[in-house]
Amino acid sequence: MDKTVEYWDLYDRNIQKTGEVIQRGKTVPEGKYHLVCDIAVIDNMGRILLTKRHPDKPYPLYWECSGGSVVTGEMPIDGAVRELFEETGIKAEKEELTELGITYGNHAVYFNYLLRRDIELSSLVLQSDETVDAKLADKAEYERMVSENLIVPLVAGRFSELGVDKLLK
Numbered sequence: 434m435d436k437t438v439e440y441w442d443l444y445d446r447n448i449q450k451t452g453e454v455i456q457r458g459k460t461v462p463e464g465k466y467h468l469v470c471d472i473a474v475i476d477n478m479g480r481i482l483l484t485k486r487h488p489d490k491p492y493p494l495y496w497e498c499s500g501g502s503v504v505t506g507e508m509p510i511d512g513a514v515r516e517l518f519e520e521t522g523i524k525a526e527k528e529e530l531t532e533l534g535i536t537y538g539n540h541a542v543y544f545n546y547l548l549r550r551d552i553e554l555s556s557l558v559l560q561s562d563e564t565v566d567a568k569l570a571d572k573a574e575y576e577r578m579v580s581e582n583l584i585v586p587l588v589a590g591r592f593s594e595l596g597v598d599k600l601l602k
């Protein structure tokens with residue numbers, strides 16, 4: 434396999450590997466899923482870290498949490514640690530992440546994690562082709578951003594389903 438291209442393992446609805454691998458960008462076959470991880474970083478003041486998507490990505494300039502696809506051979510928690518570091522420069526250990534739950538989307542199984550940590554925005558190292566800005570949002574600002582459709586709708590929906598908004602102050 435070409436190392437410059439991202440590949441995903443395919444799974445059935447019960448999150449069992451099918452033995453198939455697909456290249457990122459190809460259509461996931463009906464009845465098959467790839468794994469995705471989302472990481473909500475919430476500080477001790479009850480604020481959530483949001484990053485703004487690059488203008489060339491789907492949902493350009495919308496806000497979201499860190500996350501992305503789990504690559505071939507990777508476990509979801511390892512993907513979460515990797516994605517968080519790649520997109521923000523935050524180095525977390527697997528033991529620091531709490532699983533919030535699993536949700537299903539369009540040919541994807543989402544593993545949702547929580548990292549409780551105080552961070553300084555100035556210490557973040559944003560991945561230039563992924564994220565263009567970051568902010569810490571308290572409950573009121575997060576709810577305003579959701580109501581104004583500023584957060585990727587699928588992310589806001591998963592977080593609502595999992596009760597992430599109830600962790601904010």
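Take the position in the sequence shown, starting the count at 1, then add 433; the result is the number in the working numbering.
Don't be surprised by glycine CBs; every beta carbon is placed ideally from N, CA and C.
The residue from Glu574, Ile523, Thr460 with its alpha-carbon nearest to that of Gly479 is Glu574. A straight-line Cα-Cα distance of about 11 Å links Ser561 and Asp489. Around the beta carbon of Val438, fewer than 16 other beta carbons lie within 10 angstroms, which makes this residue exposed.
Under the DSSP assignment, Thr521 falls in the alpha helix (DSSP H) whose first and last residues are 509–521. It is roughly 10 Å from the alpha-carbon of Glu453 to the alpha-carbon of His467. The beta-carbon separation of Ile535 and Asp476, rounded to 25 Å, does not stay under the 8 Å limit for a contact. With a contact defined as Cβ atoms closer than 8 Å, Tyr495 and Leu583 qualify at about 6 Å. Pairing Cys470 with Asp598, the inter-Cα distance amounts to about 18 Å. Where Gly452 is concerned, the enclosing beta strand (DSSP E) starts and stops at 450–456. DSSP links Phe544 through a beta bridge to Cys470, Ile535. In this structure, Leu557 and Ala567 form a Cβ contact; the two beta carbons are roughly 5 Å apart against a cut-off of 8 Å. Pairing Thr564 with Thr451, the inter-Cα distance amounts to about 32 Å. According to the DSSP secondary-structure assignment, Arg549 is paired through a beta bridge with Ile475.
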